[in-house]
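S.K.: Protein sequence lines, in the order shown, are assigned to chains A and B.
For the first sequence, the positions run 75 to 368 when this note's numbering is used.
For the second sequence, the positions run 75 to 368 when this note's numbering is used.
For glycine and all other residues, C-beta sits at the position ideal for the given N, C-alpha and C.
Got a structure for you, questions after.
2 protein chains.
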Amino acid sequence: MTSRTINLALIQSQCFDNADENRQYIKTQLKQAAANNAELVLLQELHNTPYFCIEEKPSNFDLAETIPGESTEFFSALAKELSLVIVCSLFEKRSAGLYHNTAVVFDKDGSIAGKYRKMHIPDDPGFYEKYYFTPGDLGFSPIQTSIGKLGVLICWDQWFPEAARLMALAGAEILLYPTAIGWDPNDSEQEQQRQLDAWTTIQRSHAIANGLAVASCNRCGDEGNGELSTRFWGNSFICGPQGEMLTQAASNTNEILQYTIELEKTESVRRIWPYLRDRRIDAYQDLNKRLIDQ
Amino acid sequence: MTSRTINLALIQSQCFDNADENRQYIKTQLKQAAANNAELVLLQELHNTPYFCIEEKPSNFDLAETIPGESTEFFSALAKELSLVIVCSLFEKRSAGLYHNTAVVFDKDGSIAGKYRKMHIPDDPGFYEKYYFTPGDLGFSPIQTSIGKLGVLICWDQWFPEAARLMALAGAEILLYPTAIGWDPNDSEQEQQRQLDAWTTIQRSHAIANGLAVASCNRCGDEGNGELSTRFWGNSFICGPQGEMLTQAASNTNEILQYTIELEKTESVRRIWPYLRDRRIDAYQDLNKRLIDQ
């Protein structure tokens, strides 16, 4: 077996109010991660701005940008300068009236290796994403980079085993989730704990079901106020292909979470747990249905 | 909302050497569960015998029985006598040379409400199930009973999110797994812990992804010897629709694990986590493929 590793860093932080401040902060963190030998950096979802989907406001579309555009130029230059693969998460303006929640992957030479448009779009009080983002139309395609094939998914996608499975079947070697998820301060502590635990559990389960390492980078800190407030719960983590937690950030601190993933573990785990061998693809056709009406 | 509950009992135990002893033991446990107001009892996988798949041995096919047959008569009578819904797990002889690993559900009147034939069949050292069991051909259909629609799956099925999803889409109100899983005594303690944790995590994730309670009933105790030995790890559990652990058995003791499930929680959890609303059924067709060749 090959002995390939990826030194992976996640940058968890509370967002500043504007894109320039956020980019400058991320730049300092990227430099630090690179100094610590990171090869791949995963940023949190929509890292350039506060989580604007907390309300439906037409002027928020001003926050979107084209791809390529100002942010991709910024991160492309840093990827090249620091020789990093970077997964960033942008509010993409594709056309007037057509926007996506899009991850862009830069290779070490600064080129755009690929992009992924968030496929599953949430919408619930304080997370009005269906107002802003058209569901992705690029499918579940992993992105080939010089260090491996990255299965990039975004936030709400993390609750759908189908998304993780499709990335794995298409050859992803690791699953990466930029995310922005938090607590409603009105919920009880027990409910908050259940939600955090469910969030960790479902993503660890994708590692287990597919024999892949999984990393999830979440923001932290309070945003909004009153009825429109969210406490982003941090807890960014990296787990191995048996779902075993390798490292996890705190709920409320800016942090660079770094760990060296051993990609060859996928081969050994899939030998003891050969789920791909046994999938009943002859009996899965109804997964394409909304509901199986009786 | 309705306020429907199910008082559910799982009977975890070390198996005796022969079917009659096992059935008699289970009978005492069923009576005790019924005396504690159980309405639904989930038995462990292949509870009538030691885990014979530990080796490939032609005479082991003598352990199989027809459905209906001796065991279904036995459990049917108990279901009626005790007014219990019972999920039992049998080695089904369907025809000469054609056998299945089959769960049979009895309603409170003793009738057979339905059966499920294990769809995903494992095969690895000490678990030679592909030798014994033809993969199920009844699909992923929940079984309607007087107390609710039961999504019965079996053991290895628990590692496949597709199976849980299909049961949920077809209207299952709870997922139930008879199972027989254990440690290889040659594995390190850390590896054993990772495996147990992965097993719990993947099943809890089915609860989360589908907003359903999940119960898994495993056997315990050592079976076989030398290179052909397994320590069945018990840890039967019941979790709620956010994946929250409600109750869990020890690894090595015979136990009746009992808990009252509130079915209406599915409605409230699916309101805050409306995954079924957002599934990208337009983009899931490749789930029917073995691999997505690039």
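Going by DSSP in three states, A/L270 sits in which element: helix, strand or coil?
M.R.: Taking the first sequence and counting its residues from 1, one reaches residue 270 of chain A at position 196. Reduced to three states, the DSSP call for A/L270 is helix.
S.K.: Can you grab the Cα-Cα spacing for the pair A/Q266 / A/D258, in whole Å?
M.R.: As a working note, residue 266 of chain A is residue 192 in the first sequence. As a working note, residue 258 of chain A is residue 184 in the first sequence. Going from the Cα of A/Q266 to the Cα of A/D258 covers about 8 Å.
S.K.: Kindly indicate if chain B contains any beta-carbon less than 9 Å away from that of A/W307.
M.R.: Here residue 307 of chain A is taken as the residue at index 233 of the first sequence, counted from 1. By this cut-off, A/W307 is not an interface position.
S.K.: Using three-state DSSP, classify B/N81 as helix, strand or coil.
M.R.: Sequence index remark: in the second sequence, residue 81 of chain B carries index 7 (1-based). Note: B/N81 maps to strand in three-state DSSP.
S.K.: Under 7 Å Cβ to Cβ from A/L240, same chain only, skipping five residues before and after it: list those, please.
M.R.: By 1-based counting over the first sequence, the position of residue 240 of chain A is 166. Here the set comprises F214.
S.K.: Using the rule of at least 16 other Cβ atoms within 10 Å of the residue's Cβ for burial, across every protein chain shown, is B/K131 buried or exposed?
M.R.: Reading the second sequence from its first residue, position 57 is the one you call residue 131 of chain B. Label assigned to B/K131: exposed.
S.K.: Pairing CB atoms from the segment 194–207 of chain B with CB atoms from the segment 323–335 of chain A, are three or more of them under 8 Å?
M.R.: No: the two stretches stay apart, fewer than three of their Cβ pairs being nearer than 8 Å.
S.K.: Since A/G314 and A/S279 should fall inside the 8 Å C-beta cutoff, what is the C-beta to C-beta distance between them, to a whole number of angstroms?
M.R.: Position 240 of the first sequence, counting from 1, holds the residue named residue 314 of chain A. Position 205 of the first sequence, counting from 1, holds the residue named residue 279 of chain A. In fact, because the Cβ distance is near 13 Å, the residues do not count as touching under 8 Å.
S.K.: List, in order along the chain, the chain A residues whose C-beta lies closer than 9 Å to that of B/S290?
M.R.: On the second sequence, residue 290 of chain B is found 216 positions in, with the first residue counted as 1. Those within 9 Å of B/S290 in chain A number zero; the least Cβ separation is about 14 Å.
S.K.: Let me check understanding here. Comparing Cα to Cα, which of A/T176, A/C162 and A/F311 lies closest to A/R168?
M.R.: In the first sequence, counting from the first residue as 1, residue 168 of chain A sits at position 94. Taking only the C-alpha atoms, the option nearest A/R168 is A/T176.
S.K.: Is B/M75 close to chain A, meaning its C-beta is less than 9 Å from at least one C-beta of that chain?
M.R.: Your numbering for residue 75 of chain B matches position 1 in the second sequence. Reliability of the predicted coordinates at B/M75 is poor, the pLDDT of 43 falling under 50, and the value obtained from them is presented with this limitation in mind. Not one chain A Cβ lies under 9 Å of B/M75.
S.K.: Just the chain A side, please: which residues come within less than 9 Å of B/E247 by C-beta, in chain order?
M.R.: Here residue 247 of chain B refers to the residue found at position 173 of the second sequence. Those do not exist, as B/E247 stays about 13 Å from chain A at its closest Cβ, beyond 9 Å.
S.K.: Anything in the segment 210–226 of chain B with a Cβ closer than 8 Å to a Cβ of chain A? List those residues in chain order, please.
M.R.: The segment 210–226 of chain B vs chain A, Cβ under 8 Å: G213 and F214.
S.K.: On a CA-only basis, which of A/Y349, A/Y173 and A/T146 is nearest A/D181? Give me that one, please.
M.R.: Your numbering for residue 181 of chain A matches position 107 in the first sequence. Nearest option by C-alpha distance: A/T146.
S.K.: Can you find a C-beta in chain A that's less than 9 Å from the C-beta of B/S342?
M.R.: Position 268 of the second sequence, counted from the first residue, corresponds to residue 342 of chain B. No, B/S342 lies away from the interface with chain A (no Cβ there is under 9 Å from its Cβ).
S.K.: Taking the C-alpha atoms as reference points, what is the distance between A/I282 and A/S133?
M.R.: As a position in the first sequence, residue 282 of chain A is number 208, starting the count at 1. As a position in the first sequence, residue 133 of chain A is number 59, starting the count at 1. One C-alpha to the other measures close to 42 Å.
S.K.: Is there a Cβ of chain A sitting closer than 9 Å to that of B/W347, yes or no?
M.R.: The sequence position of residue 347 of chain B within the second sequence is 273, counting from 1. At least one chain A Cβ lies under 9 Å of B/W347.
S.K.: Closest Cβ-Cβ distance between B/Q322 and chain A: below 9 Å?
M.R.: Here residue 322 of chain B corresponds to residue number 248 of the second sequence, with the count starting at 1. So no, B/Q322 is outside the interface.
S.K.: What is the rounded straight-line gap between the Cα of B/L350 and the Cα of A/K363?
M.R.: The residue labelled residue 350 of chain B in the question sits at position 276 within the second sequence. The residue labelled residue 363 of chain A in the question sits at position 289 within the first sequence. Each residue's Cα considered, the two are about 10 Å apart.
S.K.: Quick one: using the 10 Å Cβ neighbour count with 16 as the cut-off for buried, is B/Y358 buried or exposed?
M.R.: The residue you call residue 358 of chain B lines up with position 284 of the second sequence. Burial call: buried.
S.K.: Could you tell me which uninterrupted alpha helix (DSSP H) segments, each at least 4 residues in length, are contained entirely in the segment 128–156 of chain A, listed from first to last along the chain?
M.R.: 144–156, all fully within the segment 128–156 of chain A.
S.K.: Have a look at B/L249, B/E155 and B/I195 and flag the residue whose alpha-carbon is nearest the alpha-carbon of A/R354.
M.R.: For the purposes of this step, residue 354 of chain A is taken as the residue at position 280 of the first sequence. Among B/L249, B/E155 and B/I195, the Cα nearest to that of A/R354 is on B/I195.
S.K.: Does the structure place the segment 90–100 of chain B close enough to the segment 216–230 of chain B that three or more beta carbon pairs sit under 8 Å?
M.R.: They do not touch, by the three-pair rule.
S.K.: Rank B/G285, B/D261 and B/K339 by C-alpha distance to the C-alpha of B/R305 and give the top, closest one.
M.R.: The residue labelled residue 305 of chain B in the question sits at position 231 within the second sequence. For the residues B/G285, B/D261 and B/K339, the minimum Cα distance to B/R305 belongs to B/D261.
S.K.: Am I right that A/L82 and A/L114 are in contact with their C-beta atoms under 8 Å? What's the rounded C-beta distance?
M.R.: Here residue 82 of chain A corresponds to residue number 8 of the first sequence, with the count starting at 1. Here residue 114 of chain A corresponds to residue number 40 of the first sequence, with the count starting at 1. A/L82 to A/L114, Cβ: 5 Å. Contact.
S.K.: Excluding the 5 residues preceding and the 5 following B/M75 in the sequence, name in chain order all residues of the same chain whose CB lies nearer than 6 Å to its CB.
M.R.: As a working note, residue 75 of chain B is residue 1 in the second sequence. The pLDDT assigned to B/M75 is 43, lower than 50, so where the model puts this residue is not dependable; a value taken from the coordinates is nonetheless given after this. Hits under 6 Å: E338 and E341.
S.K.: To the nearest angstrom, report how far apart B/D407 and A/Q118 are at their CA atoms.
M.R.: The requested residue 407 of chain B does not occur in the structure, where chain B is confined to residues 75 to 368.
S.K.: Taking the C-alpha atoms as reference points, what is the distance between A/C89 and A/A138?
M.R.: Position 15 of the first sequence, counting from 1, holds the residue named residue 89 of chain A. Position 64 of the first sequence, counting from 1, holds the residue named residue 138 of chain A. If you take the alpha carbons of A/C89 and A/A138, they lie about 16 Å apart.
S.K.: Within the 9 Å Cβ cut-off, does B/L365 reach chain A?
M.R.: In the second sequence, the residue the question calls residue 365 of chain B occupies position 291. By this cut-off, B/L365 is an interface position.
S.K.: Spatial neighbours of B/L361 within its chain, please: CB distance less than 8 Å, with the 5 preceding and 5 following residues excluded, ordered by chain position.
M.R.: Taking the first residue of the second sequence as position 1, residue 361 of chain B is located at position 287. For B/L361, where only same-chain residues beyond five positions count, the Cβ hits under 8 Å are E236.
S.K.: For B/F201, which residues in chain A fall below 9 Å Cβ to Cβ?
M.R.: Translated into positions along the second sequence, residue 201 of chain B becomes position 127. Near B/F201 there are no residues of chain A at all, since even the closest Cβ is about 11 Å away, more than 9 Å.
S.K.: Listing by chain order, which chain A residues have their CB less than 8 Å from the CB of B/W233?
M.R.: Here residue 233 of chain B refers to the residue found at position 159 when the second sequence is read from its first residue. Residues of chain A passing the Cβ test: I282, A283, W347 and Y349.
S.K.: Should B/F165 and B/L116 be called a contact, given that it needs their Cβ atoms to be closer than 9 Å?
M.R.: Within the second sequence, residue 165 of chain B is the residue found at index 91, counting from 1. Within the second sequence, residue 116 of chain B is the residue found at index 42, counting from 1. Contact: no.
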